[in-house]
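Q: These protein sequence lines are chains A and B, in that order.
Quick note on the numbering used here: the first sequence kicks off at 1 and runs consecutively.
Quick note on the numbering used here: the second sequence kicks off at 1001 and runs consecutively.
Backbone N, C-alpha and C fix where the C-beta goes; we use that ideal spot for every residue, glycine too.
Predicted model only: the values in this text are computed from it and were never measured.
Protein chains: 2
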Amino acid sequence: MSTSSTPATENPIVLTTPTEREIHVERVFNASRHRVWTAYTDPGQIAQWWGRGNELVIERMEVRRGGHWRCVEHGPDGEHGFEGRYREVTPEEVLSYTFEWDGMPGHVIVETARFEELPDGRTRVVTTALFLTTEDRDGMLHSGMEQGMAESYRALDRLLAQG
Amino acid sequence: MSTSSTPATENPIVLTTPTEREIHVERVFNASRHRVWTAYTDPGQIAQWWGRGNELVIERMEVRRGGHWRCVEHGPDGEHGFEGRYREVTPEEVLSYTFEWDGMPGHVIVETARFEELPDGRTRVVTTALFLTTEDRDGMLHSGMEQGMAESYRALDRLLAQG
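#1: According to the neighbour-count rule (16 or more other Cβ atoms, all chains shown, within 10 Å of its Cβ), is R60/A buried or exposed?
#2: Find the residues of chain A that neighbour R1085/B, judging by a C-beta separation of less than 8 Å, and give them in chain order.
#3: Is there a C-beta anywhere in chain B that falls below 8 Å from the one on Y97/A?
#4: Quick test of the definition: if touching needs 3 or more C-beta pairs under 8 Å, does the stretch 101-111 of chain A touch the stretch 1083-1098 of chain B?
#5: At the 8 Å Cβ level, is S4/A part of the contact set with chain B, yes or no?
#6: Less than 8 Å between C-beta atoms, sequence neighbours within five positions excluded: which residues of the same chain meet that for L1159/B?
#7: For a contact defined as C-beta to C-beta under 7 Å, what are the partners of V110/A on chain B?
#8: Do we get a CB-CB distance below 8 Å when we pair G1066/B with the residues of chain A?
#9: Would you say A1113/B and T1127/B are within 8 Å of each other, going by their C-beta atoms?
#10: So I1013/B and A1150/B are supposed to be a Cβ contact under 8 Å. How far apart are they, rounded?
#11: With DSSP collapsed to three states, give me the class of W50/A.
#12: Tell me, to the nearest whole angstrom, how far the beta carbon of N11/A is from that of V28/A; I am working on the premise that it is less than 8 Å.
#13: When you compare the CB positions of H74/A and V57/A, do they come within less than 8 Å of one another, or not?
#14: Out of E1092/B, D1102/B, T1041/B and V1110/B, which one is the CA nearest neighbour of F1131/B?
#15: Taking its Cβ as the centre, do 16 or more other Cβ atoms sit within 10 Å of E100/A, making it buried, or is it exposed?
#16: For S32/A, which residues of its own chain have a beta-carbon under 7 Å away from its beta-carbon, when the five flanking residues on both sides are left out?
#17: CA-CA distance, E135/A and S1143/B?
#18: Measuring straight from C-alpha to C-alpha, what distance separates V63/A and T41/A?
#19: Nearest by alpha-carbon distance to E1117/B: which of A1129/B, R1052/B and V1094/B is it?
#20: Using alpha carbons as the reference points, say which of M145/A, A129/A, G148/A and P119/A lies closest to N30/A.
#21: Indicate the three-state DSSP secondary structure (helix, strand or coil) for E62/A in the structure shown.
#22: As an exercise, report each continuous beta strand (DSSP E) stretch of at least 3 residues that is fully enclosed by the stretch 1085-1112 of chain B, in chain order.
#23: How would you call G51/A, buried or exposed, if buried means at least 16 neighbouring beta carbons within 10 angstroms?
#24: Using beta carbons (cut-off 8 Å, strictly below), is E1020/B in contact with chain A?
#25: Of the residues V25/A, R21/A, V36/A and T16/A, which one's Cα is nearest the Cα of G163/A?
#26: According to DSSP, is G148/A helix, strand or coil?
#27: DSSP state of E55/A, grouped into three classes?
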């Protein structure tokens, strides 16, 4: 008997590094594109998955080109603030924004998520992260990012399963 | 007879592009390092030179690592907002911060100014701008940046000449 809430059929993360300053991630979600877009852009829904179970206080989330966002994760090791600004918001298609962790101010990342409708009604989210330097990129890769991302995506799976 | 306020001995700007994503600028100022540092970090003084004669409203200027800055230039063609965050503040030595124009949100630049004392008591400011992409860098080079910078530096010369 398993107590894990992870479904046996969890969709895999495909992570590649196509250039020296990028991380490319693909992940399929078992929900419509409209549903997944909402989970990425509605503050109340983001708070349910992005923090992987940690409390997430969303201080600002102006989902439009030029708008700012800022959220603070309250984890067992303390508070972590993250913030940035939206570069492109094309509903249900493209969400592009800068991303900066308070612990490394000015080490800005540009994340661009593209939402692809699959023929079976599911959605593939293709996310590219562009870093200022290879050192910043490699620092992120060695920070436990992949595990944290897997946990976030699992929390998103659970949210989407609620319909 | 000249009505220009530019001194005959204006110090030249030396601009180079050492890599595909950088602009490197050197400029000497006829003042001590302490004096030049203050002109770069005191909001009241920045307002006197950075806007090249245009009104500059400084909404935020927290000169410390992780602090934010934001200012709005009121020019003949309207308002232009600029903002960013300090990456490094080492008094009188290094000032590094991100720079973003509201018109191109998320196209972040990292500017790093180093202040060098010269043996004759003057100060060389060496500024490197690192862009996310070559396209962003070239866009800046073709935007009239060099002329704007020359005007700002001339205004700074005048401020420094006031002692």
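A: Well, looking at it:
#1: That one is exposed.
#2: Within chain A, the residues near R1085/B are E100, P105 and G106.
#3: It does; some Cβ of chain B falls within 8 Å.
#4: Contact holds: three or more Cβ-Cβ distances are below 8 Å.
#5: Note that S4/A scores a pLDDT of 45, beneath 50, so its modelled location is shaky; the value from the coordinates is reported in the next line. At a cut-off of 8 Å between beta carbons, S4/A makes no contact with chain B.
#6: Spatial neighbours of L1159/B in its own chain (CB-CB distance under 8 Å, excluding positions within 5 residues in sequence) are listed in chain order as A1039, Q1045, Q1048 and W1049.
#7: Going along chain B in sequence order, the residues near V110/A (Cβ under 7 Å) are G1106 and L1132.
#8: So yes, G1066/B belongs to the interface.
#9: Going by C-beta atoms, A1113/B is nearer than 8 Å to T1127/B.
#10: Confirmed, Cβ separation roughly 6 Å.
#11: Coil, per DSSP.
#12: Rounded to the nearest angstrom, the Cβ distance from N11/A to V28/A is 4 Å, consistent with a contact under 8 Å.
#13: Note that the C-beta distance between H74/A and V57/A is below 8 Å.
#14: Cα-wise, what sits closest to F1131/B is V1110/B.
#15: Burial call: buried.
#16: If we look at S32/A and ignore the five residues flanking it on each side, its Cβ neighbours are G121 and T123.
#17: C-alpha separation (whole angstroms): 30 Å.
#18: Approximately 7 Å, taken between the alpha carbons.
#19: Answer by Cα proximity: V1094/B.
#20: Checked all of M145/A, A129/A, G148/A and P119/A; the closest Cα to N30/A is P119/A.
#21: Coil, per DSSP.
#22: Entirely contained in the stretch 1085-1112 of chain B, the beta strand (DSSP E) runs reaching 3 residues are, in chain order, 1094-1101.
#23: Burial state of G51/A is buried, judged by a 10 Å Cβ sphere holding 16 or more other Cβ atoms.
#24: Any Cβ of chain A closer than 8 Å to the Cβ of E1020/B would place that residue at the interface, and such an atom is absent.
#25: Selected option, being the one with the closest Cα: V36/A.
#26: Reduced to three states, the DSSP call for G148/A is helix.
#27: In the three-state DSSP reduction, E55/A falls in the strand class (E or B).
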